[in-house]
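Shown next, in structure tokens, is the structure this report addresses.
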Ligand SMILES: [Zn+2]
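Here is the structure:
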């Protein structure tokens, strides 16, 4: 699993490799039951959450377009049908392109900024992303908060502005106390921050700190890429990376270049996070270069 996440993130961090096609035959969904009628389906390093019940089947994120047949087959094997609802945590292709394979009857729910980004062509890491056709754009959007009463749970969709992208939402299953945070956290590594589409490293860390206070003790956290996390982990991760941001800002004010900052002794304690993105990449995002 770790290896797949790593391969995925290397691809994400490497513009030349981003168009490389994986061997689809070797990619299989990994299914983990996390609560009653609730599963994670991890496919090529992307974690989607499925909840089934009397009111229907809801899926959080829908992965890559090319893997959508495998993902929908996995949902069918668990729930006996396609999803009725797809909640998209943000606009990135590894989370929403599977929406293009959904039935038109499937109700797609997202933040309004996510829908806006999907409604026209975008570019990310040098790759052009075509607009989603009108019929497959999110059907329901919201700005701050949306609550679904479904399958005996209260499912809260909450927007945290301007961290990973401009349209980030988290999905909280209140009774089960499960929280899917999309790409607001990349376990154990510098996160990807989509600065070109409203992301900001410092705000991302502030949003994570806010999440720690917004959700109750014992919340089980799942993210787009990586293992289950705790609020304590999120607090420490955000705190650590905020420290790195402060150091970067202070060295930058003294006129240091990103590469001088990345090689400075003050930054070396954060080298452990340089998994998919280097220290210099992280410095570059923080100083906006
Ligand atoms: Zn993302």
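In the numbering used here, the protein residues as written are 1256 to 1544.
A virtual CB, placed ideally from N, CA and C, is assigned to each residue, including glycine.
Quiz prompt | Straight-line Cα distance separating residue 1396 from residue 1444 | solution = Distance from the CA of residue 1444 to the CA of residue 1396, rounded to the nearest whole angstrom, comes to 31 Å.
Quiz item: In chain order, which continuous runs of the alpha helix (DSSP H) of length 4 or greater are located wholly inside the segment 1303 to 1350?
Solution: List check, alpha helix (DSSP H) in window: 1323 to 1334.
Self-check item: Cβ pair residue 1388, residue 1325 closer than 8 Å
Solution: Not closer than 8 Å, so no.
Self-check item: Proximity winner among 1280, 1281, 1296 and 1279, relative to residue 1287 (alpha-carbon distances)
Solution: Out of 1280, 1281, 1296 and 1279, 1296 has the C-alpha closest to the C-alpha of residue 1287.
Quiz prompt | Nearest neighbour of residue 1540, chosen from 1292, 1465 and 1459 [CA to CA] | solution = Nearest C-alpha to residue 1540: 1459.
Quiz item: So what's residue 1421 in DSSP terms, helix, strand or just coil?
Solution: The DSSP-derived three-state label of residue 1421 is coil.
Practice problem: Using the DSSP secondary-structure output, state which residues sit across from residue 1404 in a beta bridge. | Solution: In the DSSP output, where bridge partners are listed per residue, residue 1404 has 1409.
Quiz item: For ligand 1, is there a heavy atom less than 7 Å away from the beta-carbon of residue 1438?
Solution: Yes, since a heavy atom of ligand 1 falls inside the 7 Å radius drawn around the Cβ of residue 1438.
Practice problem: Could you tell me the distance, in whole angstroms, from the CA atom of residue 1512 to the CA atom of residue 1504? | Solution: About 11 Å.
Quiz item: With DSSP run on the structure shown, which of helix, strand or coil describes residue 1270?
Solution: Note that residue 1270 scores 42 on pLDDT, short of 50, meaning its location in the model is unreliable; the coordinates nonetheless yield the value given after this. Assigned with DSSP and collapsed to three states, residue 1270 falls in helix.
Self-check item: Residue range of the alpha helix (DSSP H) that includes residue 1288
Solution: No alpha helix (DSSP H) contains residue 1288, which is instead part of the beta strand (DSSP E) from 1285 to 1290.
Exercise. Could you tell me whether the segment 1355 to 1363 touches the segment 1427 to 1438, using the rule of 3 or more Cβ pairs below 8 Å?
Key: Cβ pair count under 8 Å is below three, so no.
Practice problem: Using alpha carbons as the reference points, say which of 1340, 1514 and 1375 lies closest to residue 1365. | Solution: Nearest C-alpha to residue 1365: 1340.
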